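Chemist:
Number of protein chains: 2
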Amino acid sequence: MRIPQPYLLFLGDVTDPLAAKTAKGILHWRPQNCSGQFRLTPETVSLGLPDLSLEEAKQQGAETLVIGTANAGGMIPQAWLATLQEALELGYNIASGMHQRLSSFPAINHAANIRQCCLYDVRHVDQPLAIGTGIPRPGKRLLTVGTDCSVGKMYTSLALEAEMNRQGLKTRFCATGQTGILISGKGISVDAVVADFISGAAEAISPAFTDHDWDVIEGQGSVLNPAFAGVSLGLLHGSQPDALVLCHEVGRQHVRHVPHMNIPSIEATLQANLVAARLTNPAACFVGIALNTAAMTEAEAMTLCQQWEQDYQLPVTDPIRFGVASIVEKLHSI
Amino acid sequence: MRIPQPYLLFLGDVTDPLAAKTAKGILHWRPQNCSGQFRLTPETVSLGLPDLSLEEAKQQGAETLVIGTANAGGMIPQAWLATLQEALELGYNIASGMHQRLSSFPAINHAANIRQCCLYDVRHVDQPLAIGTGIPRPGKRLLTVGTDCSVGKMYTSLALEAEMNRQGLKTRFCATGQTGILISGKGISVDAVVADFISGAAEAISPAFTDHDWDVIEGQGSVLNPAFAGVSLGLLHGSQPDALVLCHEVGRQHVRHVPHMNIPSIEATLQANLVAARLTNPAACFVGIALNTAAMTEAEAMTLCQQWEQDYQLPVTDPIRFGVASIVEKLHSI
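Same order as they appear, the protein sequences are chains G and H. The working numbering puts the first residue of the first sequence at 315, with every later residue one more than the last. The working numbering puts the first residue of the second sequence at 315, with every later residue one more than the last.
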């Protein structure tokens with residue numbers, strides 16, 4: 315799956331800034347791929363991009379209308395269908411991270427067929443996959459892992475990609491979740507594949523390469539989260555990472571979706587991932603810890619990072635506050 | 315999913331005895347649920363059951379026609395469609411472990427709708443699932459795990475169910491693969507669920523219970539097989555086993571589908587499963603090792619079992635040659 319860019323970011327009639335997280339992520343990490351925003355009402359959240367009509371953005375070269383919002387049920391509002399259909403009639407592709415498929419609407423499907431436009435339902439996986447082989451393949455790979463879900467693995471991965479390129483390591487981000495796929499325009503939602511194909515999907519997401527230095531693979535879940543560990547383990551085995559970065563949210567008490575279970579310790583998480591990773595890459599090692607320190611002051615966060623650098627003998631940073639240069643410096647020797 | 319029994323076992327026109335493995339498994343473990351066999355030609359493999367026509371078996375109470383054969387591609391032969399349609403017209407349900415769905419044939423689908431019969435494509439999972447909760451639930455559970463795929467986990471699980479009931483422990487077999495589902499008439503193919511729902515599926519396969527003593531859950535794959543470990547880990551977390559039995563094929567050199575990787579050691583497999591299982595059930599422990607010793611003489615097998623009993627301080631047996639009584643005796647104290 316490769317979504318044509320640049321994008322016109324569609325914000326619908328969403329007024330909750332949190333609901334526009336996907337569009338914000340795309341703009342933050344790939345501003346060069348965003349032609350503008352398209353809002354249905356003046357009250358709709360703004361990203362600060364130029365407000366363009368479908369026609370204006372098309373004239374400026376936009377290729378794909380991206381639904382940049384999320385809602386609890388993952389349903390596409392009926393009120394948006396006329397706009398989506400109009401976009402298809404103008405020749406746009408449409409990409410969506412919603413649970414409900416674009417192709418589930420006959421009128422949308424029909425319009426896409428007529429104009430030979432593509433519908434990208436990035437939360438779903440329709441392409442044929444093979445089972446994992448475990449065979450080592452050329453190219454160096456870094457995988458982000460976590461003490462839990464939603465601790466900053468995607469942000470850290472994208473920050474690493476940017477900093478690695480800045481430090482002269484030619485690096486590509488490999489998306490494994492819907493927001494990452496919309497940001498980078500490609501990838502596979504590994505938690506949406508049939509269970510037999512998890513590690514095979516990871517092998518497909520980052521195939522053999524010799525034309526650049528590193529792939530940074532976006533991690534998912536945690537091998538110690540009992541709801542999602544299967545996804546995380548298959549991703550770990552299929553990624554065959556040379557380098558691992560541990561992501562952690564400071565202050566989180568309980569495993570997400572599992573309120574009776576405490577967050578595992580850093581030591582236990584490092585150990586569990588290292589043991590599992592070495593099944594397919596005996597050279598796997600940790601190169602850093604990325605913290606989300608939003609719950610602390612910046613001074614407290616700095617102290618914590620310094621202390622943990624001593625404790626774990628690894629670069630420790632908050633990617634948002636302090637960047638990830640210290641982690642990337644460690645990669646030059648791998 | 316609960317498949318109405320008794321079954322009429324359909325053998326089609328299959329002449330290779332190995333291709334009738336599923337039907338043989340059903341007959342071996344649930345003879346009381348098999349009305350007879352239905353063969354299209356005199357050359358077709360026989361199970362030694364009475365040959366019944368569709369009408370005869372229906373008169374004797376058969377509820378479901380089970381496709382008891384397998385082939386490499388998992389496709390339903392065109393030559394069988396007329397028979398399947400006739401069965402539906404007589405009021406049979408149909409169950410199949412083939413990859414190709416029964417419902418993918420419009421004529422089959424139509425006939426099933428008219429007679430309100432059910433089509434059970436047990437290799438596919440269509441029911442809605444929830445993500446795993448990791449919450450402990452009432453009832454004691456045993457899970458079979460392995461050094462690899464296809465080392466006898468289903469056979470061992472069914473042998474344990476039978477022996478546990480014989481020793482007075484009220485026990486139910488919980489199927490997680492297509493043959494096990496056809497044998498027991500219920501279950502979920504865990505390797506066919508969407509990756510996010512592996513542990514949730516395991517929780518659904520063996521929900522809370524207080525009306526019997528044990529559930530024996532059929533294991534899948536191996537946490538140390540890089541192609542399928544995600545499935546195995548999610549199943550382990552969702553099963554929350556109190557007791558684990560390790561299955562191993564003596565003499566297998568390489569991980570199945572992964573020819574460059576040696577079979578892991580018994581010690582490593584015990585350790586990896588125990589560490590993972592204790593995330594959701596800190597009391598998890600191994601209660602035995604079940605060997606497939608087909609590659610040895612019976613005397614060699616007996617010597618090996620005795621030696622390993624010393625080495626691992628666990629009951630060690632070949633379920634086919636020596637039964638599983640020694641393992642079940644250990645369960646009375648759990």
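Yeah, the Cβ is synthetic: ideal placement off N, Cα and C, and Gly gets one too. Owing to the predicted nature of the structure, the values given are computational and were not obtained by experimental measurement.
#1: Please state the DSSP three-state secondary structure of G:V589.
#2: Quick one: which chain H residues come within Cβ less than 9 Å of G:S306?
#3: G:D505 touches chain H at which residues, Cβ-Cβ below 8 Å?
#4: Can you list, in chain order, the residues of its chain whose CB lies under 7 Å from that of G:S553, leaving out five sequence neighbours each side?
#5: Should H:G448 and H:L593 be called a contact, given that it needs their Cβ atoms to be closer than 9 Å?
#6: Per DSSP, what kind of secondary structure is G:M575 in: helix, strand or coil?
#7: Got a sec: is the Cβ-Cβ distance from H:L402 to anything in chain G below 9 Å?
#8: Taking buried to mean at least 16 other C-beta atoms within 10 Å of its own C-beta, is G:G535 buried or exposed?
#9: Tell me the residue span of the alpha helix (DSSP H) that contains H:Q351.
#10: Between H:G405 and the rest of its own chain, which residues show a CB-CB distance below 6 Å, the 5 nearest in sequence each way excluded?
#11: May I ask you to report which of helix, strand or coil DSSP gives H:L325?
#12: Tell me, please, whether the region 474 to 481 of chain G touches the region 628 to 642 of chain G by the rule of three or more beta-carbon pairs shorter than 8 Å.
#13: Rounded to whole angstroms, what's the CA-CA distance from H:L366 to H:E400? Just pull it up for me.
#14: Note down, in chain order, all residues in the region 547 to 578 of chain G with a beta-carbon under 7 Å from any beta-carbon belonging to chain H.
#15: For the beta strand (DSSP E) that contains H:Y469, what are its first and last residues?
#16: Under a CB-based cut-off of 9 Å, is G:A519 close to chain H?
#17: Look up H:A409 in the DSSP assignment and say whether it is helix, strand or coil.
#18: Could you spell out where the alpha helix (DSSP H) holding G:R296 opens and where it closes?
#19: DSSP beta-bridge partners for H:N595?
#20: Our contact map puts G:L323 next to G:G382 with C-beta atoms below 8 Å; I'd like the distance itself, whole angstroms only.
#21: Please tell me whether H:G453 has its Cβ less than 9 Å away from any Cβ of chain G.
#22: Would you call G:G362 buried or exposed, if buried means 16 or more other Cβ atoms sit within 10 Å of its Cβ?
#23: When you compare the region 508 to 515 of chain H with the region 535 to 550 of chain G, are there three or more beta-carbon pairs, one atom per stretch, that lie closer than 8 Å?
#24: So with Cβ pairs under 9 Å, would you call G:T458 a contact of chain H?
#25: My guess is that H:G326 and H:S349 are in contact by the Cβ rule of under 8 Å, so how many angstroms apart are they, rounded?
#26: Would you mind giving the Cβ-Cβ distance between G:D632 and G:T607, rounded to the nearest angstrom? I have them listed as a contact below 8 Å.
#27: Identify which residue in H:C619, H:T485, H:A371, H:N576 has its Cα closest to the Cα of H:S498.
#28: Quick one: give me the first and last residue of the alpha helix (DSSP H) that G:D435 is part of.
#29: For H:T594, return the contacting residues in chain G, with the cut-off set at a CB-CB distance below 7 Å.
#30: As a quick exercise: from G:Q481, G:V537, G:D505, pick the residue whose alpha carbon is nearest that of G:D527.
#31: Out of G:H574, G:V564, G:I577, G:V572, which one is the CA nearest neighbour of G:I603?
#32: Could you give the uninterrupted runs of the alpha helix (DSSP H) lying entirely in the region 501 to 550 of chain G, keeping only those of 4 residues or more?
#33: Is the beta carbon of H:A509 sitting closer than 9 Å to the one on G:V508?
#34: What are the boundary residues of the beta strand (DSSP E) that G:G460 is part of?
#35: Given a limit of 8 Å on CB to CB distance, which residues of the region 488 to 499 of chain G reach chain H?
#36: Looking at chain H, which residues of the region 436 to 449 of chain G have a Cβ within less than 8 Å of any of its Cβ atoms?
Modeler: A quick look at the data gives this:
#1: Helix at G:V589.
#2: This structure gives no information on residue 306 of chain G, because the portion of chain G shown stretches from 315 to 648.
#3: V508, A509, D510, listed in chain order.
#4: Around G:S553: R455, L457, A516, S520, I531.
#5: Contact flag set, yes.
#6: Correct three-state label for G:M575: strand.
#7: Taking Cβ atoms only, chain G never reaches closer than 9 Å to H:L402, which makes this a no.
#8: Per the 10 Å Cβ criterion, buried.
#9: Here H:Q351 belongs to no alpha helix (DSSP H); instead the beta strand (DSSP E) covers 348 to 353.
#10: Around H:G405: R429.
#11: In the structure shown, H:L325 falls within a strand segment according to DSSP collapsed to helix, strand and coil.
#12: Segments in contact, yes.
#13: In a straight line, the C-alpha of H:L366 is about 14 Å away from that of H:E400.
#14: Flagged, chain order: L547, G548, H551, H571, V572, H574, M575.
#15: Looking at the DSSP string, H:Y469 is not in any beta strand (DSSP E); the run it does join, the alpha helix (DSSP H), is 467 to 480.
#16: A small correction: the amino acid at residue 519 of chain G is Ile; Ala does not occupy that position in the sequence shown. By this cut-off, G:I519 is not an interface position.
#17: Three-state result, H:A409: strand.
#18: Absent from the structure is residue 296 of chain G, since the part of chain G shown begins at 315 and ends at 648.
#19: According to DSSP, residue pairing for H:N595 in a beta bridge does not occur.
#20: Taking the Cβ atoms as the reference, G:L323 lies roughly 4 Å from G:G382, within the contact range of under 8 Å.
#21: Chain G places no beta carbon closer than 9 Å to that of H:G453, leaving this residue out of the contacts.
#22: So G:G362 ends up on the exposed side.
#23: Taking a cut-off of 8 Å for Cβ pairs, the region 508 to 515 of chain H and the region 535 to 550 of chain G touch, as three or more such pairs fall below it.
#24: Closer than 9 Å: no.
#25: For a cut-off of 8 Å, the C-beta gap from H:G326 to H:S349 is around 17 Å, too long to register as a contact.
#26: Going by Cβ atoms, the distance from G:D632 to G:T607 rounds to 4 Å, so yes, they are a contact pair.
#27: The option with the nearest alpha carbon to H:S498 is H:T485.
#28: That residue, G:D435, is in no alpha helix (DSSP H); its beta strand (DSSP E) goes 433 to 435.
#29: Annotation: Cβ neighbours of H:T594 in chain G (cutoff 7 Å, chain order): P540.
#30: Selected option, being the one with the closest Cα: G:Q481.
#31: Per the C-alpha coordinates, the member of G:H574, G:V564, G:I577, G:V572 positioned closest to G:I603 is G:V564.
#32: Correct list: 512 to 519.
#33: Between H:A509 and G:V508, the gap from beta carbon to beta carbon is short of 9 Å.
#34: The continuous beta strand (DSSP E) containing G:G460 extends over residues 454 to 460.
#35: Result list empty, no residue passes.
#36: Residues I445, G446, T447, G448, I449.
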